[in-house]
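*Asks:* Residues in the sequence shown are numbered from 18 upward in steps of one, following the working numbering.
Even glycine gets a Cβ: it sits at the ideal position worked out from N, Cα and C.
I have a structure here, written as structure tokens, and I will follow up with some questions on it.
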Amino acid sequence: METLEERVQRVLQEEVSIVSYNPVWPQMFEEEKHHLLNCLPHELIGRIEHFGSTAVSNLAAKPIVDILVEVTSLEETKNRIVPVLEAQSYDYFWRTDVSPAYAWFIKRDSGGNRTHHIHMVESDFEHWDRLLFRDYLCDHPQVAREYEVLKRSLAAKCEHDRVAYTKGKTEFVVRVTQTAKEFYAR
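Written out as structure tokens, the structure reads:
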């Protein structure tokens, strides 16, 4: 049986592939949102948002729908949500590589390919700023194109190193998120 460390290493080394925008992504989000609302304890779930590159029309992305789920308690998430999703073959990780830590799930298709990343956080987590980044890219197609060029370049360099790929995007994401905060505060 695979240890947690082995599982983490396997997941981190999975291929990073950027593909052209797929108009099915918003529908995949809606279907997964519906599924989550139907199988998880309603009293633990708040907002469910589509974020990341698959939420931006015409933007190339990893073909994985990112979903941000507000939960009322991460402790209750561990106790009551993790068992439900693990029983449905979602990969579960307690993300301690970021602060604050949170629950993260990977959903895969029948071929073992990632289809969804589900990030479960409480309402006060800074992860919600990612919606500002998403909205800014939607409202500023030229900035979205710059992001696409960066992602394609990083994917070519970091094909089997998801950590390096993500770190390579960080400066851009932080800068644009700050710009978005200022832009939408007006």
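Count Cβ pairs between the segment 71-81 and the segment 99-112 that sit closer than 8 angstroms; are there 3 or more?
*Replies:* no
*Asks:* Assuming Arg151 contacts Phe68 (C-beta within less than 8 angstroms), just tell me the rounded distance between them.
*Replies:* 5 angstroms
*Asks:* Which whole-angstrom value describes the C-beta separation of Gly63 and Thr94, a residue pair presumed to lie in contact below a C-beta threshold of 8 angstroms?
*Replies:* The distance from the Cβ of Gly63 to that of Thr94 is about 12 angstroms, inconsistent with a contact at the 8 angstroms cut-off.
*Asks:* According to DSSP, simplified to helix, strand and coil, what is Arg112?
*Replies:* Secondary structure at Arg112: strand, using DSSP grouped into helix, strand and coil.
*Asks:* Which stretch, first to last residue, makes up the beta strand (DSSP E) that contains Ala120?
*Replies:* Start and end: 119-125.
*Asks:* Jot down the residue ranges of each uninterrupted beta strand (DSSP E) in the segment 56-102, minimum 3 residues, whole runs only, in chain order.
*Replies:* 62-68, 82-88
*Asks:* Hey, out of Pro58, Ala197, Lys168, Val160, whose CA is closest to Lys184's CA?
*Replies:* Lys168
*Asks:* Between which two residues does the alpha helix (DSSP H) carrying Val33 extend?
*Replies:* Neither: Val33 is in no alpha helix (DSSP H) and is coded neither H nor E.
*Asks:* Please name the residue in Phe110, Arg203, Ala161, Phe200 whose C-alpha comes closest to that of Leu29.
*Replies:* Phe110
*Asks:* Report yes if the CB atom of Thr196 is closer than 8 angstroms to the CB atom of Tyr153, and no otherwise.
*Replies:* yes
*Asks:* State the start and end residues of the unbroken alpha helix (DSSP H) segment that holds Arg131.
*Replies:* That residue, Arg131, is in no alpha helix (DSSP H); its beta strand (DSSP E) goes 131-138.
*Asks:* I think His136 touches Tyr119, with their Cβ atoms under 8 angstroms apart; what is that distance to the nearest whole Å?
*Replies:* 6 angstroms
*Asks:* By Cβ distance, which residues of its chain are closer than 7 angstroms to Glu176, with the 5 residues on each side in sequence left out?
*Replies:* Glu32, Val33
*Asks:* Distance, Cα to Cα, Pro117 vs Phe142?
*Replies:* 7 angstroms
*Asks:* Using the C-alpha atoms, what's the distance from Val166 back to Gly129?
*Replies:* Straight-line Cα distance between these residues: approximately 27 angstroms.
*Asks:* Taking C-beta to C-beta, are Glu48 and Ile84 nearer than 8 angstroms?
*Replies:* no
*Asks:* Tell me which residue opens and which closes the alpha helix (DSSP H) that Gln195 is part of.
*Replies:* Gln195 -> alpha helix (DSSP H) spans 179-202.
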